[in-house]
Structure formats: C-alpha cells, structure tokens
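**Q**
Residue numbers (the numbering used here): 566 to 833.
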C-alpha cells in the first residue's frame with residue numbers, strides 16, 4: 566500500500582497546526598494528535614480494534630521529538646527545577662511504560678471512552694483556568710515516586726505529554742509557575758520515550774496494521790507531525806505576544822470538550 570500525497574499533506578498540516586498551538590498556548594501533543602489520528606488512521610486501513618492503541622502510540626512518539634526542543638528551550642531560560650526533575654524523572658518514566666502496558670490490556674472501545682472523558686475534563690479545566698493552591702509540602706522522594714508513576718501511566722494511557730497533570734502537581738507542591746511549566750516539559754521526554762518503547766514492543770506482533778509501522782507507532786505520521794510542529798512552534802510563540810491567548814485558549818478548550826464528547830459517544 567503506497568501513501569497517497571493528500572494523506573501526507575494532511576499529516577504535515579496537522580503537524581503545523583500542532584506546532585502553532587504548542588507555541589501559542591502551551592498545549593498540543595495528545596490533545597490534538599490523538600483525535601486527529603482517530604479520524605485519519607481508518608482511512609489507511611487501521612482496524613477498529615487497534616485504532617486507539619495506534620493513535621495513542623503515534624501521539625507519544627511525536628512527543629519524543631517535540632519535548633526535546635521544549636525541554637531545551639526551558640532549560641536555557643533557567644525554568645527547569647533540576648532537584649524536582651531528578652525526583653520525578655525515574656518515576657514518570659516507569660509510569661510511561663506502565664501506561665502503555667495497561668492500554669494493551671484495554672480494548673479500543675474502552676480506550677476511546679477513557680480518552681473522551683479525559684478530553685472533556687481537561688477542556689473544562691482549561692476553560693475555568695483555575696490552578697491548585699500551594700498547600701502541599703515541598704517534593705520529597707517518598708511522595709514524588711508514587712505520584713510520578715501514576716501521572717506517567719495516566720499520560721501514556723491518554724497519549725499526552727503529561728503537562729496537564731504535572732504542572733498542577735508542581736504548583737500544589739509550592740513550585741513557581743515558570744519552574745512548574747519548564748520542569749513538566751522536561752518530564753515529558755522520559756515519559757514519551759518509555760511509553761513509545763512500550764507501545765512498540767507490545768504492538769510488535771500485531772497483525773492487520775498498515776505498512777510503515779513500528780509496533781503500534783505509525784512512522785509516516787510521526788515524521789510529518791514532528792517536522793511540522795518544529796517548523797511552526799516558533800511562530801506560535803511569536804503570536805503568543807500579539808494575540809488574545811486567553812480567549813483563543815477558551816475557544817480551543819470548548820472545541821476539545823466537543824471532540825471529547827463525540828469520541829465518547831462514538832464508543833458507546
């Protein structure tokens with residue numbers, strides 16, 4: 566089966582859009598890629614029983630690339646807390662591969678329902694825009710390990726980079742906003758790498774997948790989306806200083822809620 570040019574163009578456009586959102590609003594990754602993959606992958610013959618697994622795996626693989634540039638940019642600005650990163654790094658990596666394994670145990674219908682509910686909840690959180698108050702103790706190894714595993718597993722199960730979970734977690738534990746965002750971006754790299762490895766290994770023997778896949782990871786989508794995202798992320802950052810980002814973020818959040826509801830209904 567050869568790749569149609571229009572399909573490649575769609576993947577590139579998706580990457581360009583994802584990059585703008587990442588630079589403009591600090592979102593992207595699974596919240597954009599997974600719904601798009603749910604729509605696009607069936608057109609190249611991905612069967613329904615493997616659709617969600619491949620969408621999640623492909624999303625995590627793209628995050629491997631986009632999280633590198635994001636993490637380096639935040640580190641260059643001094644907005645990565647190395648002590649917090651060292652505490653959470655191993656736990657969130659373990660959580661990433663654990664989440665991939667859990668996803669393998671769940672059928673595609675239930676994965677769709679889980680993602681749909683999560684998308685609605687994350688969209689509503691974006692609309693409300695309320696972050697937790699710094700009521701927790703400062704991070705310790707004892708608290709960071711179990712929390713990191715849980716956040717990593719949930720992120721891999723949803724195909725997201727983890728920022729939606731890790732940033733509020735850091736804020737609760739009295740980390741400054743800039744450090745919380747930067748450190749969460751750095752945490753996305755080990756999470757995405759380990760989750761991707763898990764999805765590759767677990768999907769290695771899976772039959773009936775389209776050509777150019779590695780386990781559950783669809784390689785043409787990873788390459789095109791990563792390329793497009795890298796190109797337009799700087800544009801998104803530029804527009805962030807010139808557009809009403811709060812209003813745009815609420816519009817995207819409402820769209821995310823609608824998409825989440827549709828995905829959930831389609832899997833009833």
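Backbone N, C-alpha and C fix where the C-beta goes; we use that ideal spot for every residue, glycine too.
Which residues bound the alpha helix (DSSP H) around residue 640?
**A** Looking at the DSSP string, the run of the alpha helix (DSSP H) that includes residue 640 is 613-641.
**Q** In three-state terms, what does DSSP make of residue 571?
**A** Of the three classes helix, strand and coil, the one that applies to residue 571 here is helix, per DSSP.
**Q** Mind reading off the beta-carbon distance from residue 733 to residue 697? Whole number of angstroms is fine, and I expect it under 8 Å.
**A** Between residue 697 and residue 733 the Cβ distance is about 5 Å, and since that is below 8 Å, they are a contact.
**Q** Leaving out the 5 sequence neighbours to the left and right, which residues in its chain are closer than 8 Å to residue 582 when beta-carbon positions are compared?
**A** The answer, listed in chain order, is 597, 793, 797.
**Q** So what does DSSP say about residue 783, is it helix, strand or coil?
**A** In the structure shown, residue 783 sits in a strand (DSSP, three-state: E or B).
**Q** Suppose you measure from the CA of residue 770 to the CA of residue 780; what does that come to, to the nearest Å?
**A** Distance between the alpha carbons of residue 770 and residue 780: 7 Å.
**Q** Determine, using beta-carbon pairs with one atom in the segment 638-652 and one in the segment 741-756, whether at least three such pairs fall under 8 Å.
**A** The segment 638-652 vs the segment 741-756: in contact.
**Q** To which residues of the same chain is residue 662 closer than 6 Å at the C-beta, ignoring the five residues directly before and after it?
**A** Closer than 6 Å at the Cβ level, and outside the excluded window around residue 662, lie 759, 763.
**Q** Quick one: what's residue 703 bridged to in DSSP?
**A** Partner(s): none; residue 703 has no beta bridge.
**Q** Is residue 811 buried or exposed, if buried means 16 or more other CB atoms sit within 10 Å of its CB?
**A** With fewer than 16 Cβ atoms within 10 Å of its Cβ, residue 811 is classed as exposed.
**Q** Quick one: Cα of residue 808 to Cα of residue 702, how far?
**A** Distance between the alpha carbons of residue 808 and residue 702 is about 37 Å.
**Q** Measure the alpha-carbon distance for residue 609 versus residue 737 and round it to whole angstroms.
**A** Rounded to the nearest angstrom, the two C-alpha atoms are 44 Å apart.
**Q** Ignore the nearest five residues each way along the sequence and tell me which others in residue 778's own chain have a CB closer than 7 Å to its CB.
**A** Once the five neighbours on either side are set aside, the close Cβ partners of residue 778 are 784.
**Q** Applying the criterion that 16 or more other CB atoms from any shown protein chain within 10 Å of the CB defines a buried residue, is residue 830 buried or exposed?
**A** So residue 830 ends up on the exposed side.
**Q** Using 8 Å as the threshold, is the segment 671-688 in touch with the segment 611-620, meaning 3 or more CB pairs across them?
**A** Judged by Cβ distances under 8 Å, the segment 671-688 makes contact with the segment 611-620, as three or more pairs qualify.
**Q** Report the option in 654, 623, 788, 814 whose CA atom is closest to the CA atom of residue 731.
**A** Nearest option by C-alpha distance: 654.
**Q** So the candidates are 617, 602, 817; which of them puts its Cα closest to the Cα of residue 790?
**A** The shortest Cα separation from residue 790 among 617, 602, 817 belongs to 602.
**Q** If you draw a straight line from the alpha carbon of residue 739 to that of residue 772, how long is it in whole angstroms?
**A** Distance between the alpha carbons of residue 739 and residue 772 is about 48 Å.
**Q** So, using beta-carbon positions, are residue 668 and residue 722 closer together than 8 Å?
**A** Yes. Within cutoff.
**Q** Compute the Euclidean distance between the alpha carbons of residue 765 and residue 782, then round it to the nearest angstrom.
**A** Roughly 6 Å separates the two Cα atoms.
**Q** Taking the alpha helix (DSSP H) that residue 755 falls in, what are its first and last residues?
**A** Taken as a continuous stretch (DSSP letters only), the alpha helix (DSSP H) holding residue 755 covers 742-767.
**Q** Residue 738 bridges to which residues according to DSSP?
**A** For residue 738, which the question treats as bridged, DSSP gives no partner whatsoever.
**Q** Just confirm the distance between the C-beta atoms of residue 595 and residue 624, as a whole number of angstroms; I'd bet it's less than 8 Å.
**A** Right, their Cβ atoms sit about 4 Å apart.
**Q** Drop a sphere of 10 angstroms on the beta-carbon of residue 647, count the other beta-carbons inside from all chains shown, and report buried for 16 or more, exposed for fewer.
**A** When all chains shown are included, residue 647 counts as exposed.
**Q** Please report the Cβ distance between residue 822 and residue 634, rounded to the nearest whole angstrom; I am assuming they are in contact, meaning their Cβ atoms lie under 8 Å.
**A** Contact flag wrong, Cβ pair sits at about 29 Å.
**Q** Check each candidate in 816, 687, 664 and name the one with the smallest Cα separation from residue 718.
**A** Comparing Cα-Cα distances from residue 718 to each of 816, 687, 664, the minimum goes to 664.
**Q** Cα-Cα, which of 572, 689, 724 is closest to residue 816?
**A** Closest by alpha carbon: 689.
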